[in-house]
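Novice: Under this note's numbering, the residues of the sequence shown are numbered 54 to 230, in order. We put the beta carbon where it would ideally sit given N, CA and C, even for glycine. Everything numeric in this text was worked out from a predicted model, so none of it was measured. Take a look at this one; I'll ask things after.
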Amino acid sequence: MDTMNRYAPALRRIHWLTALLLLAAYLLIEQRNLFPRGSEPRALMVQGHFWTGLAIFVFAVWRVLLRRRLGAPPITPVPPQWQQWFAKAMHLALYAFVLVMPLLGLATAWSDDKQLLLPFTQLAVPALLPVDKDLAHQLEDLHGTIGEAFYWVIGLHIVAALYHHFWVRDDTLRRMR
Ligand code: HEM
Ligand code: HEM
Numbered sequence: 054m055d056t057m058n059r060y061a062p063a064l065r066r067i068h069w070l071t072a073l074l075l076l077a078a079y080l081l082i083e084q085r086n087l088f089p090r091g092s093e094p095r096a097l098m099v100q101g102h103f104w105t106g107l108a109i110f111v112f113a114v115w116r117v118l119l120r121r122r123l124g125a126p127p128i129t130p131v132p133p134q135w136q137q138w139f140a141k142a143m144h145l146a147l148y149a150f151v152l153v154m155p156l157l158g159l160a161t162a163w164s165d166d167k168q169l170l171l172p173f174t175q176l177a178v179p180a181l182l183p184v185d186k187d188l189a190h191q192l193e194d195l196h197g198t199i200g201e202a203f204y205w206v207i208g209l210h211i212v213a214a215l216y217h218h219f220w221v222r223d224d225t226l227r228r229m230r
C-alpha cells in the first residue's frame with residue numbers, strides 16, 4: 054500500500070477516536086433508563102454523555118484545522134463526479150454534526166439547570182446560560198431529533214465505506230485505515 058495515499062496519521066487517529074467517542078456518547082445516553090431517575094449510576098451515565106460529547110467537540114475543532122492544512126488524498130481509481138459531490142456533502146454534514154451537537158447539548162443542559170460536574174467531584178462548571186425550561190425543552194427536542202437522524206447519516210457513511218472497499222474495491226477505506 055502506498056503510504057502517500059492515506060490521510061495524515063493525526064486525521065486517521067481523530068477519525069476513529071471520534072467514532073468510538075460517538076458510540077460511547079450514544080450508548081451512555083440511550084441506555085440511561087437501565088437505572089432509575091435520581092440514581093447514582095444514571096447520573097454518572099448522563100455526566101459521561103456530557104464529557105464524551107465535549108471531547109468530540111474538542112477533537113472536531115482540532116480536526117477541521119488540521120484537515121484544512123493537510124488536505125485529503127485522492128481515491129484510486131477516481132470515483133464518478135456525482136459520488137465525489139455526494140461524499141463531500143455527507144462529510145460536511147458529519148463535520149457540522151460533531152461541531153453543533155455538543156454545543157446544542159451544552160445549551161440544553163445549562164438552560165435545563167442540569168449541572169456539568171468536573172469528573173470525580175461535585176464541582177459544577179459555571180453555567181453560561183440562564184435557566185429557561187421552555188427553551189430547554191425546545192433545545193432538547195432539537196438535540197434528540199438531530200441525534201436520531203444522524204443514525205441514518207452515519208449508517209449510510211459506513212455502508213458507503215464498505216461498498217467502496219468490498220464492491221468497487223478502490224482504496225477509499227484503506228486511505229483512512
Ligand atoms: C456529538 C455529541 C452528542 C451526541 C451525538 C448527543 C446525542 C444525544 C442523544 C441521542 C440524546 C437522547 C435524546 C433522547 O433520549 O430523547 C441526547 C440527550 C441529551 N444530551 Fe446529548 N449528545 C451529544 C453531546 C452532548 C453534550 C456535549 C451535552 C452537554 C454537555 C449533551 C447534553 C444532553 C442532554 C442534557 C440530553 C437530555 C438528557 C436527559 O434527558 O437527561 N449532549 N444527546
Ligand atoms: C465504522 C465506522 C466508520 C467507517 C468505516 C468510516 C470510514 C470512512 C472512510 C473510508 C472515509 C474516507 C472517505 C473519503 O475520503 O471519501 C471517511 C471519512 C470521513 N468520516 Fe468516517 N467512517 C466511520 C465512522 C465515522 C463517524 C462515526 C463519523 C462521524 C463524525 C465519521 C466522519 C467522517 C468524516 C467527516 C470524513 C471526511 C474526512 C475528510 O475528508 O475530511 N466517520 N470515513
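1. Contact criterion: CB-CB distance below 8 Å. Does Asp185 meet it with respect to chain D?
2. Please classify Ala61: does DSSP put it in a helix, a strand, or coil?
3. Check the C-beta distance from Thr225 over to Ala189 and give it rounded, since I have them as a contact under 8 Å.
4. With respect to the alpha helix (DSSP H) encompassing Thr174, which residues constitute its N-terminal and C-terminal limits?
5. Answer yes or no: do Asp165 and Glu193 have a C-beta to C-beta separation smaller than 8 Å?
6. Exposed or buried, His217, counting other C-beta atoms within 10 Å across all chains shown (16 or more means buried)?
7. Beta-carbon distances below 5 Å to any heavy atom of ligand 1 define the shell here; list its residues in chain order, please.
8. Excluding the five sequence neighbours on either side, which residues of its own chain have a C-beta within less than 8 Å of the C-beta of Pro130, listed in chain order?
9. Give a yes or no on whether the C-beta atoms belonging to Leu176 and Leu182 are separated by under 8 Å.
10. Under the rule that 16 or more other beta-carbon atoms within 10 Å means buried, what is Pro127, buried or exposed?
11. Nearest CA to the CA of Arg227: which residue from Trp115, Arg90 and Ala125?
Specialist: A quick look at the data gives this:
1. In the structure shown, chain D does not exist; there is a single protein chain.
2. Here residue 61 refers to the residue found at position 8 when the sequence shown is read from its first residue. Residue state, collapsed to three classes: coil.
3. Here the question's residue 225 lines up with position 172 in the sequence shown. Here the question's residue 189 lines up with position 136 in the sequence shown. Actually they do not touch by this definition, with Cβ atoms about 41 Å apart.
4. Counting from 1 along the sequence shown, the entry for residue 174 is found at position 121. No alpha helix (DSSP H) holds Thr174; DSSP gives it neither H nor E.
5. The residue you call residue 165 lines up with position 112 of the sequence shown. The residue you call residue 193 lines up with position 140 of the sequence shown. For Asp165 and Glu193, yes; Cβs fall inside 8 Å.
6. Reading the sequence shown from its first residue, position 164 is the one you call residue 217. By the C-beta density criterion, His217 is buried, having at least 16 other C-beta atoms within 10 angstroms.
7. The set of residues with CB atoms less than 5 Å from any heavy atom of ligand 1 reads, in chain order, Ala78, Ile82, Phe103, Gly106, Leu107, Ile109, Met154, Pro155, Gly158, Leu159, Thr161, Ala162, Gly197 and Gly200.
8. Residue 130 sits at position 77 when you count from the first residue of the sequence shown. Non-local beta-carbon contacts of Pro130 in its own chain, meaning distances under 8 Å to residues more than five positions away in sequence, involve Asp223 in chain order.
9. Position 123 of the sequence shown, counting from 1, holds the residue named residue 176. Position 129 of the sequence shown, counting from 1, holds the residue named residue 182. Annotated as distal: Leu176 and Leu182, with beta-carbon spacing of 8 Å or more.
10. Numbered from 1 along the sequence shown, position 74 holds the residue referred to as residue 127. Answer is exposed; the Cβ neighbour count stays below 16.
11. Within the sequence shown, residue 227 is the residue found at index 174, counting from 1. Comparing C-alpha distances from Arg227 to each of Trp115, Arg90 and Ala125 shows the shortest one belongs to Ala125.
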